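Numbering (the working numbering), first residue to last: 2 to 255.
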């Protein structure tokens with residue numbers, strides 16, 4: 002089989018150093034791995050009233066697993082479509098991750114739905130924080146109720162998280178600051194594979210390293226966070242590795 006692939010193969014010694022820097026020292030397996038991505042041409046309507054078109058890439062193995070925006074964001078890779086593509090023979094020691102049966106349209110529609118839910122939560126959270134700040138200003142004359150400072154920090158952190166997620170999506174889809182996606186449609190899509198190294202930690206957690214645009218070998222922390230939050234997201238990766246391992250042996254997850 003020949004697969005259209007992008008990126009460089011990370012060097013194993015550099016990948017192990019990157020994993021060691023991230024606290025993973027006991028690695029049982031390191032294999033070349035091709036991760037499939039939907040290369041998607043889309044058109045969207047923004048909350049600012051503009052119509053924008055673009056091309057992005059969506060992880061075609063893990064797209065069904067996110068439970069919210071924070072887990073979905075690392076699966077969107079807008080730089081992949083612009084990377085030089087070449088044929089990669091598949092076989093030997095290369096692990097080929099499976100493609101989901103879920104369409105990229107379904108994934109993008111979930112993004113829009115999560116954004117709409119985020120917007121519903123954003124303004125009430127901001128209003129709570131404004132009221133709390135008003136109460137804290139009055140505390141110069143009137144003592145603050147017990148625990149209000151702790152509550153303020155909690156609400157402030159929640160607001161910062163919501164805003165960060167909205168702005169991350171805006172950046173990924175070329176929107177202006179503060180804008181969001183009202184609707185999105187898929188014009189066309191195909192499949193491309195990304196060259197990575199797949200390692201497995203001593204407790205059975207799959208770890209993906211790649212060469213970033215600066216030429217540095219790095220751990221894909223976004224995929225790691227998704228697997229930590231949604232453990233079943235590791236299943237298609239470990240099954241693909243099991244199918245390509247002599248004897249099908251690899252560590253069980255702890």
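We put the beta carbon where it would ideally sit given N, CA and C, even for glycine.
Note that the coordinates shown come from a computational prediction; the quantities given were computed from them, not determined experimentally.
CA-to-CA, the gap between residue 73 and residue 98 works out to about 18 Å.
Residue 64 sits in coil when the DSSP states are folded into three classes, being neither helix nor strand.
In its chain, beyond the 5 residues on either side, 47, 48, 49 and 171 have a beta carbon closer than 7 Å to the beta carbon of residue 180. Residue pairing for residue 47: DSSP places it in a beta bridge opposite 182. Sequence-distant Cβ neighbours of residue 164 in its own chain, meaning closer than 8 Å and more than five residues away, are 123.
The Cβ neighbour count for residue 244, taken over all protein chains shown within 10 Å, is under 16; the residue is labelled exposed.
Shown here, residue 81 sits in a helix according to DSSP, grouped into three states. A straight-line Cα-Cα distance of about 15 Å links residue 11 and residue 89.
Taking the C-beta atoms as reference points, residue 198 is found nearer than 8 Å to residue 13.
According to the DSSP assignment, residue 237 belongs to the alpha helix (DSSP H) that extends over 236-245. Inter-segment contact for the region 19-29 and the region 229-237 is absent: fewer than three beta-carbon pairs are separated by less than 8 Å.
In this structure, DSSP gives residue 55 an extended state, which the three-state scheme calls strand. For residue 23, same chain residues with a beta-carbon under 6 Å away, outside a window of 5 residues either side, are 220 in chain order. If you look at residue 3, you'll find it in the beta strand (DSSP E) that goes 3-7. The C-beta distance from residue 45 to residue 156 rounds to 31 Å, too long to meet the 8 Å contact threshold. One Cα belongs to residue 206, the other to residue 68, and the distance between them is close to 19 Å. A direct Cα-to-Cα measurement between residue 41 and residue 106 gives close to 9 Å. Within its own chain, the residues whose Cβ lies closer than 7 Å to the Cβ of residue 71, once the five positions on either side in sequence are excluded, are 166, listed in chain order. Using a C-beta cut-off of 8 Å, the region 75-85 makes contact with the region 214-229, since at least three inter-stretch Cβ pairs fall below that distance.
Taking each of 200, 194, 100 and 110 in turn and checking the Cα distance to residue 62, the smallest one comes out for 100. DSSP places residue 14 in no beta strand (DSSP E) but in the uninterrupted alpha helix (DSSP H) bounded by 13-22. Non-local beta-carbon contacts of residue 169 in its own chain, meaning distances under 7 Å to residues more than five positions away in sequence, involve 74 in chain order.
Residue 208: member of the beta strand (DSSP E) spanning 207-212, first to last residue.
Collapsing the DSSP output to three states places residue 203 in coil.
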